[in-house]
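Notes follow the structure.
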Amino acid sequence: MHKTIKTIILSLILPVLLMVIWQFSAWQVNNAAIIPTIGRVVENFINASDNFIGLGSIPRNVGVSLIRVLSGYTAGVLIAVPLGVLMGYSKTVQIIFETFINIFKPIPPLAWQPLALAIFGVSSIASLLNMPFGQNYVFWGNFKIAMVFLIGMGSFFPIVASVMFGVQNVRQTLIDSARVLGASEKDIFFKVLMPAAAPSIINGLRMGLAIGWACLVGAEMLPGSLAGVGYLITHAYELARTDLVITGMICIGLVGALLDSIFRIIANKYFSWESKTR
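Here it is as structure tokens:
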């Protein structure tokens, strides 16, 4: 009990200190366009359902951004996980793809913006599915293929690297023991190799989602979007609504922390044995 209280107190020191510095700076500057007060930002959260600067409510913008990120992230996962497993399992596959990945991995995801626009233009999920114009078209029109591509690129590289590392670092004694006991190659792959590599795979998925979420603001700066937290931040800045900029930043941080916590809970619940086997 005392340890829990101590942990909570220690974890609150930096946030409280930051808030004190923030509020003091706001009083000194006395210009909401530069540094708004904490109260002004809190007021935005209290009135979260309001139509902020004509771009909709905070929950709506967060929801749109979340769908965008999960769409790009899912695309990245569907490519990165099988490829990472194959690269970890087969030396030949690793040699084929490793140079390609090592060349493109250092390129920041947002550097792909011009190319993404050139290839995909402003096409969206709505136009891809050939939806008739209406309310659904307007909503799904917010999900541009170029945005999904950028977020997917951000997620792809940490996932493929972590999955490959996890598969390659499964202890050979586990595989040899399974063979001695008469396990088939299929059983070794699905019942020994993949479960043993699962903690690294989960860690890669966690990092990929974090980087994909971090790419959000840059992705939502692409033309054609009418909603999203990144879009809200960009236009709030243009209108000198720094309070909305900070509100959007806090939303991105809170949702990112929540998503990360979900992965941490999964890892702690299902893979707590991993640290004991090192």
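Under my numbering, the first residue of the sequence shown carries the number 1388, and numbering increases by one thereafter.
Ideal Cβ positions, reconstructed from N, Cα and C, are used throughout, including at glycine.
Residue nearest to isoleucine 1637 within the set Val1616, Gly1599 and Ser1648 is Val1616 (criterion: CA-CA distance). Sequence-distant Cβ neighbours of alanine 1413 in its own chain, meaning closer than 6 Å and more than five residues away, are Ile1422 and Thr1424.
Contact between alanine 1533 and phenylalanine 1507 holds: CB atoms are separated by about 4 Å, below the 8 Å threshold.
Only residues of its own chain outside the window of five on either side were considered, and among them Val1547, Val1550 and Met1551 have a CB closer than 6 Å to the CB of glycine 1471, listed in chain order.
Judged by DSSP secondary structure, arginine 1566 falls within the alpha helix (DSSP H) whose first and last residues are 1559 to 1567. About 10 Å separates the Cβ atoms of phenylalanine 1530 and serine 1452, ruling out a contact at the 8 Å cut-off.
Lysine 1390 is bridged by DSSP to nothing; it lacks a bridge partner. In summary, phenylalanine 1520 is exposed, with fewer than 16 beta-carbon neighbours lying within 10 Å of its beta-carbon over all protein chains present. Around the CB of asparagine 1431, 16 or more other CB atoms lie within 10 Å, so the residue is classed as buried. Cβ-Cβ separation between glycine 1635 and leucine 1619: approximately 5 Å, consistent with a contact (criterion under 8 Å).
Between the stretch 1477 to 1487 and the stretch 1604 to 1611, the count of Cβ pairs shorter than 8 Å is below three; the stretches do not touch. For the stretch 1459 to 1547, not one full-length beta strand (DSSP E) segment reaches 3 residues or more.
Under the three-state reduction of DSSP, isoleucine 1421 is assigned to coil, being neither helix nor strand. Just measuring C-alpha positions, the residue of Phe1543, Phe1536, Leu1537 and Pro1582 sitting nearest asparagine 1556 is Pro1582.
Here glycine 1443 carries a coil assignment [DSSP, helix/strand/coil].
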